[in-house]
Amino acid sequence: MDKIKLTIDHKEVSAPKGTTILRAAQSIGIDIPTLCHFELNGLNIHNKPGGCRICVVEVEGRRNLAPACVTECTEGMVVKTNSIRVLNSRRTVLELILSDHPADCLVCAKSGHCELQNLAIRFGVREIPFQGEQSSYKMETSPSIVRDMNKCVMCRRCETMCNDFQTVGALNAIERGFPAVVSTAFNQKLSYSPCTFCGQCVAVCPVGALVEMDHTARIIRAIADEKKTVVVQVAPAVRVALGEEFGMKPGTIVTGKLTAALKALGFNYVFDTDWSADLTIMEEGTELIDRLTRHLKGDKDVKLPLLTSCCPAWVNFFEYHFPELKDIPSTAKSPQQMFGAIAKSYFADKIGIKREDMIVVSVMPCLAKKYECAREEFKVNGNPDVDYSISTRELAALIKQANIDFNSLQDAPFDSPLGESTGAAVIFGTTGGVIEAAVRTAYEVITKKPLPRIDFTELRGLEGVRSATIDVDGLKLNIGIAHGLSNARRLLNDIKEGKSQFHAIEVMACPGGCIDGGGQPLHHGNSEIIKARWEAIYEADRNMPLRKSHENPSIQTIYKEFLGEPCSHKSHELLHTHYFDKAKVIEVKLD
Amino acid sequence: MENNKKQLRIALRNCGFINPENIEDYIAHSGYAALASVLETNDPQATIDVIKKSGLRGRGGGGFPTGLKWEIASKNHADQKYVVCNADEGDPGAFMDRSILEGDPHSILEAMAINGFCIGASKGLIYIRAEYPLAIERLLIAIKQAEEAGLLGRNIFGLGFNFDIELRYGAGAFVCGEETALIHSMEGDRGEPTFKPPFPAQSGYLGKPTNVNNVETFANIPVIILKGWEWFASIGTEKSKGTKVFALAGKIDNVGLIEVPMGITLREVIYEIGGGIKDDRKFKAVQTGGPSGGCLTEKFLDTPIDYDNLIDAGSMMGSGGMIVMDEDDCMVSVAKFYLDFTVEESCGKCSPCRIGNKRLYEILDKITEGKGTMEDLDHLKNLSKVIKDTALCGLGQTSPNPVLSTIENFWGEYVYHVVDKKCPAGQCKALKSYIINPDLCIGCTACARACPVGAIKGEKKMPHEINQANCIKCGACVEKCKFNAISIK
Amino acid sequence: MSVKIHISQKTRTKIEEICESFSNNTGELINVLHKTQDYLGYLPAEAQEVIAQELGISTAKVYGVVSFYSFFTMIPKGRFPISICMGTACYVRGAERILDEFKHLLKLNVGETGADGLFSLASLRCVGACGLAPVVLVGEKVYGRLATDDVRNIVEEYQNVGFTV
């Protein structure tokens, strides 16, 4: 590759052609501050509007200052990143941004994680010399996301995620000049928009303009209510990320401490969503086998490929954008909802309480789960199967509030019976995991032979769209995998056009799957963190004594005791759902 | 007439002399002869060299050498390239592009075709303001006529060159005068500029190499081809060749479009062509370059006008607005007027322009309201400098020019507003006070009755007095007073 | 559960025709908006929804474009739209005072339309009639070299028309 030589702050640097000044400076330990710039390397996510102008540097021979994030190095370039001119300009630009930003940091959800706040600290800003008009947009809440556009700094990261990565189109820059912000069409509520509540806008927002709907106070109140039995379930991806909130290395698996912390918080029963992930595989896997068998017998009506349905943002996406395909996805509820349905029936009966006296809380890497648990079809007489869903970040906040020293907690096990799980369940936490778990079970059920190998590495990876053909004893099973709804859209368009060759497709909305869900600890654009979580998921799988869902003894028990068999009448009643056409309807009114 | 002697019409050569809706008329005035000669010569580089040697620079504001721009676009290879005519004239007070499009539309079509041949493009697009219905109508007529005459479309002059022209409509965004913003707008997007490189010549409309020139630039092309680069290069100054069209306006006797050779002085333009200051008032400043330009004082009256001199003087050529101001014009208010424009027209993408210009405006407003401090003046200076240094596009980078040039040339006037709380031009309402001269007031009560806020008190037949705290400075009392007893201080 | 948009059949058909005439090409969004505004006089939210659907883009994007350009409006104009030129030449010759007078007489702010739908008030940038500064447009009709006293006459001229028709 062509190398370019340049000088940055009197230091010689050599960088491949096409390198930006920002990256070249980083390579020699010079950390130029940035705000709007955002990249997730390896996941094909780039947001480089060059708009905030915080990263400006002086380039010899250039009339004005250059934005380091988008200016490419040229041969012999002489760059100064800390001249008086640069420092003064950067500071003034920061002061300008702050002059149109609410100063309510004390009560801002992003406080402590805010990139603008960090800049203000780094620059030692003690007063804002500019007074004047401030933006005055109304705060907006939805079941998952809270938007305060007065805090928007026009970095456009959310717009990039919503449009380029997710092709959802809920957000766009609106207005121009001073009132310009990123918002919805007509500045309406997110609920009126095509928003899937994937939360990726929240995951990348550098400030408090987009944050999750916080339910921590309700959780404390629920635990304090002595009349209620509070049951908690924890999603697989939480255990590989929560540690980051307590200073642990990304990718540290903290399952035992997590369980201990939840017990210390006072939850009556600490269960595992992994348990219901195994249950999901039994239901979804059986559905897949059933559709495949019918297909092989020549049934033309059978809907293939089967699409997974665990990701609520993905469900929202096809309901809005591809309602004509709503009969294709698996009818299996997501693990969160299966858990809630079982907890408030089977388990409530077991411990002899009424469903109204039970509160089911889920800890999720996800913000769409907040929306999902509030869906009407997941309620019985108005009582939801899952009462509250909180994010990994919210759980961390609860632990900190409760003076729990997370790092020194003694590992504790999950409670029984909804706490037992297999390695197949934990890989639900990353892209390709659900389908790998399904294949592990389907293979053994179809062939009635033990798997020759458990690790289907061909299904793993972080490329946006992946495909593999699995040989199930002669039956060639074509599998498609997509993460990011833009990638899912490609596969769905193929299905619509009748071009899809897949028997089953797994879709997760977030980059890398749940490991980078909208509710996870903020990675601030460091894709190494996501990779570390990804590796940890497979490590957790390897560490499990059982790695196939159908081998989970308590799953076997519940079928024996309660459900009968997978896809039985009872299962359908409790564990399956149906989808709605949510496309915007343009109705003609009479003249 | 003196007037005509000073003027030289190249870009406006046909305006008013030919029927713009009749192609025959244009052809009779050597129309399409340049295109014919370029196609016959069949040597794009030779034509590019002619334009390069003529010294023609972009008339839209920046003054980038046109021939060089063409050359860059010609050297980028692609299956499709585009020629774009920027007719989104947005400077408040400039309307030369409209006049050319309305008066001589074929000259633009011809020039675009020549440009297309030189860079290897078969498609031309005119990005025109939707607010120019007549220009649009005439362009559409001209395109149709040229197509029928075989001067546009397939196989022009039977020489194997194909070139089509379509219109694209602007929708009211000054920033779309910036090339990259213009291209995004033509693609159906928000007119937000993007970082260059890549330049449009590398990746422009639909990602293809695109050459963007403004209307006046194109209007010069056919003449240069026909009369030769030597002729064109003989007009003007060392680095600025040819003529420039200005929209002369403001406090002068003769307003309107003028076309003058580069190198003419402001004095010649204002006094000889413009007929001097209206009502024999005193000249105070001339604003050139529109919202991106600056206000020049008497000391620049004898400076030859060209791209570089204007920049050195703290202003710029811009698209050619030229507003003359007299002693009744407050320079702080003028700066505020332009900032109001920039704030309104900022796309909002980069923080210095989105927030910085707003703050500049607010500080200027504070000063004209009599609430400014010396510290505010420091902020004005620093903020202007930083915005120039850090804004993303040409709009933001030049938006502080009206502030910087008035601070430079009229510092005293700023200080007067801030320290003495007075507006020397008497334009800032908040800094005016209406005073009744007790010697002239006969106590007729007419003023007190006219005052909408009851700020005037006094006994009948006794001198009245204005309560300054309540006075809203509407001037109603002055109009009613028959004894000239009320003065403005 | 899905959001419903209501629009008349006539309008819907017309917008569909407009989109069709530009081959439903996303890149033609601005042209589509121009034609739609020509037809309806403004761009109501419902029209933007239909355009988004026809061109296969998000409504947020359509609104992002509509709200970016000053030529596009979501407020219906009055029967007599009054536009005051605020170009530099007009400004120097007192356009602001003319605008203030209109605001005062019509009790409207810039960008507003009166409750009776008779007048709407707008300011615009240079109409290219700087020689006539200050300039006001009522519909297509140009009024030049105005003084504040002329404003009342103009308003009355149209008020009378408004009542007699």
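Residue numbers (the working numbering), protein chains in the order written: chain A, 1 to 591; chain B, 592 to 1080; chain C, 1081 to 1245. For every residue, glycine included, the Cβ atom is placed at its ideal position computed from N, Cα and C.
TODO: Following the continuous beta strand (DSSP E) through B:Tyr-718, name the residue where it begins and the one where it ends.
DONE: In the second sequence, residue 718 of chain B corresponds to position 127, counting from 1. Here the beta strand (DSSP E) through B:Tyr-718 covers 714-719.
TODO: Kindly list the residues whose CB is nearer than 6 Å to the CB of A:Asp-278, restricted to its own chain and excluding five residues on each side of it in sequence; keep chain order.
DONE: By one-based count along the first sequence, residue 278 of chain A stands at place 278. Only Ser-421, Thr-422, Ala-425, Ser-549, Asn-552 and Ile-555 meet the Cβ criterion.
Open item on the list: Using a Cβ-Cβ cutoff of less than 7 Å, which residues in the same chain neighbour C:Val-1245 once the five nearest sequence positions on both sides are dropped?
Closed with: Residue numbering aside, residue 1245 of chain C sits at position 165 when the third sequence is read from its first letter. Bear in mind that the predicted position of C:Val-1245 carries a pLDDT of just 43, short of 50, making it too unreliable to give a figure here.
Task: Cβ distance (whole Å) where C:Glu-1126 is taken to contact C:Ile-1085 below 8 Å - done: On the third sequence, position 46 is the one that residue 1126 of chain C refers to. On the third sequence, position 5 is the one that residue 1085 of chain C refers to. With 8 Å as the limit, C:Glu-1126 and C:Ile-1085 qualify as a contact, their Cβ atoms being about 5 Å apart.
TODO: Say whether chain C places a C-beta atom closer than 7 Å to the C-beta of B:Lys-596.
DONE: Your numbering for residue 596 of chain B matches position 5 in the second sequence. By this cut-off, B:Lys-596 is not an interface position.
- [ ] Would you check if the distance between the CB atom of A:Leu-22 and the CB atom of A:Ala-66 is smaller than 7 Å?
- [x] Taking the first residue of the first sequence as position 1, residue 22 of chain A is located at position 22. Taking the first residue of the first sequence as position 1, residue 66 of chain A is located at position 66. Against a cut-off of 7 Å, the Cβ pair of A:Ala-66 and A:Leu-22 comes out as no contact.
Open item on the list: Can you pull out the residues from the region 926-957 of chain B whose beta carbon lies closer than 7 Å to at least one beta carbon of chain C?
Closed with: Phe-928
- [ ] Can you tell me which of the three DSSP states A:Thr-71 falls into?
- [x] Taking the first sequence and counting its residues from 1, one reaches residue 71 of chain A at position 71. Residue state, collapsed to three classes: coil.
TODO: Indicate the three-state DSSP secondary structure (helix, strand or coil) for A:Ala-332 in the structure shown.
DONE: Taking the first sequence and counting its residues from 1, the one referred to as residue 332 of chain A is at position 332. Three-state DSSP puts A:Ala-332 in a strand.
Open item on the list: Which of the three DSSP states is assigned to B:Thr-828 in this structure?
Closed with: Stepping through the second sequence from its first residue, residue 828 of chain B is reached at position 237. Correct three-state label for B:Thr-828: coil.
Open item on the list: If you reduce the DSSP assignment to three classes, tell me which class B:Met-777 lands in.
Closed with: Taking the first residue of the second sequence as 1, we reach residue 777 of chain B at position 186. Correct three-state label for B:Met-777: helix.
Task: Contact the region 1177-1184 of chain C vs the region 200-220 of chain A: 3+ CB pairs below 8 Å - done: no
TODO: Determine, using beta carbons only, whether C:Phe-1152 comes closer than 7 Å to chain B.
DONE: Along the third sequence, one-based indexing puts residue 1152 of chain C at 72. True, the Cβ-Cβ gap to chain B drops below 7 Å.
TODO: Take every Cβ of the region 471-482 of chain A, pair it with every Cβ of the region 441-460 of chain A, and state whether three or more of those distances are shorter than 8 Å.
DONE: yes
- [ ] Give the secondary structure of B:Phe-608 by DSSP, where H, G and I count as helix, E and B as strand, and everything else as coil.
- [x] In the second sequence, residue 608 of chain B corresponds to position 17, counting from 1. If DSSP states are grouped into helix, strand and coil, B:Phe-608 belongs with coil.
Open item on the list: Going by beta-carbon coordinates alone, are B:Val-877 and B:Val-915 separated by less than 7 Å?
Closed with: Residue mapping note: residue 877 of chain B aligns to position 286 of the second sequence, counting from 1. Residue mapping note: residue 915 of chain B aligns to position 324 of the second sequence, counting from 1. A contact, by the Cβ cut-off of 7 Å.
Task: Sheet register partners of B:Gln-878 (DSSP bridge) - done: Locating residue 878 of chain B in the second sequence gives position 287, where the first residue counts as 1. Its beta-bridge partners are B:Cys-886 and B:Ile-914.
Task: Cβ distance (whole Å) where B:Asn-900 is taken to contact B:Gly-866 below 8 Å - done: Translated into the one-based positions of the second sequence, residue 900 of chain B becomes position 309. Translated into the one-based positions of the second sequence, residue 866 of chain B becomes position 275. About 24 Å separates the two Cβ atoms, so there is no contact after all.
Open item on the list: Which residue marks the beginning of the alpha helix (DSSP H) containing B:Ser-950, and which one marks its end?
Closed with: Walking along the second sequence from the start, residue 950 of chain B turns up at place 359. The amino acid at residue 950 of chain B is misidentified as Ser; the sequence shows Arg. Counting along the chain, the alpha helix (DSSP H) containing B:Arg-950 begins and ends at 948-959.
- [ ] Mind checking which residues open and close the alpha helix (DSSP H) that includes A:Pro-206?
- [x] Along the first sequence, one-based indexing puts residue 206 of chain A at 206. Neither: A:Pro-206 is in no alpha helix (DSSP H) and is coded neither H nor E.
Open item on the list: Tell me whether the region 975-992 of chain B and the region 1015-1030 of chain B touch, counting them as touching only if at least three CB pairs, one residue from each stretch, are closer than 8 Å.
Closed with: no
TODO: Please work out which residues of its chain come closer than 7 Å, Cβ to Cβ, to B:Met-592, disregarding the five sequence neighbours upstream and downstream, and give them in chain order.
DONE: Mapped onto the second sequence, residue 592 of chain B falls at position 1. Note on B:Met-592: pLDDT 35, under 50, position unreliable in the model; the coordinate value appears next. So the list is empty, once near-sequence residues are dropped.
Task: Closer than 7 Å to chain B by CB, C:Thr-1106 - done: Taking the first residue of the third sequence as position 1, residue 1106 of chain C is located at position 26. It does: the Cβ of C:Thr-1106 has a partner Cβ on chain B nearer than 7 Å.
TODO: Go to B:Cys-709, then tell me how far its beta strand (DSSP E) extends in each direction, as first and last residue.
DONE: The count along the second sequence starts at 1 and reaches residue 709 of chain B at position 118. B:Cys-709 -> not in any beta strand (DSSP E); alpha helix (DSSP H) instead, spanning 696-710.
TODO: Tell me A:Thr-92's beta-bridge partners as DSSP assigns them.
DONE: Position 92 of the first sequence holds residue 92 of chain A. DSSP output for A:Thr-92 lists no bridge partner at all.
TODO: Spatial neighbours of B:Leu-892 within its chain, please: CB distance less than 7 Å, with the 5 preceding and 5 following residues excluded, ordered by chain position.
DONE: Mapped onto the second sequence, residue 892 of chain B falls at position 301. Answer for B:Leu-892: Thr-856, Leu-857 and Arg-858, listed in chain order.
Open item on the list: Is the beta carbon of A:Thr-557 closer than 7 Å to that of A:His-483?
Closed with: Stepping through the first sequence from its first residue, residue 483 of chain A is reached at position 483. Stepping through the first sequence from its first residue, residue 557 of chain A is reached at position 557. Contact: no.
TODO: Starting from the Cα of A:Leu-40, find the closest Cα among A:Tyr-388, A:Glu-535, A:Pro-511 and A:Met-544 and give me that residue.
DONE: Here residue 40 of chain A is taken as the residue at index 40 of the first sequence, counted from 1. When each option's Cα is compared against that of A:Leu-40, the closest is A:Pro-511.
Task: Collapsed DSSP secondary structure at B:Glu-1056 in the structure displayed - done: For the purposes of this step, residue 1056 of chain B is taken as residue 465 along the second sequence, with counting starting at 1. Here B:Glu-1056 sits in strand by DSSP.
TODO: Examine chain A for any beta-carbon lying closer than 7 Å to the beta-carbon of B:Val-674, and answer yes or no.
DONE: The residue given as residue 674 of chain B occupies position 83 in the second sequence. No, B:Val-674 lies away from the interface with chain A (no Cβ there is under 7 Å from its Cβ).
- [ ] Helix, strand or coil for A:Asn-187, going by three-state DSSP, please let me know.
- [x] Position 187 of the first sequence, counted from the start, is the residue given in the question as residue 187 of chain A. Helix, per DSSP.
Open item on the list: Quick check on A:Met-161: buried or exposed, where buried means 16 or more other Cβ atoms within 10 Å of its Cβ?
Closed with: In the first sequence, counting from the first residue as 1, residue 161 of chain A sits at position 161. Its Cβ being crowded by 16 or more others within 10 Å, A:Met-161 is buried.
TODO: For chain B, find out if any of its Cβ atoms is closer than 7 Å to the Cβ of A:Cys-73; answer yes or no.
DONE: If you number the first sequence from 1, residue 73 of chain A lands on position 73. Not one chain B Cβ lies under 7 Å of A:Cys-73.
Task: Residues near B:Thr-632 in its chain [Cβ-Cβ closer than 8 Å; skip 5 each side] - done: Along the second sequence, read from residue 1 onward, the residue named residue 632 of chain B stands at position 41. Contacts found: Thr-638.
Task: Cβ of C:Ser-1147 within 7 Å of any chain F Cβ - done: Any reference to chain F falls outside this structure, whose protein chains are A, B and C.
- [ ] Starting from the Cα of A:Asp-541, find the closest Cα among A:Glu-436, A:Gly-498, A:Arg-355 and A:Met-154 and give me that residue.
- [x] By one-based count along the first sequence, residue 541 of chain A stands at place 541. Ranking the options by Cα distance to A:Asp-541, first place goes to A:Glu-436.
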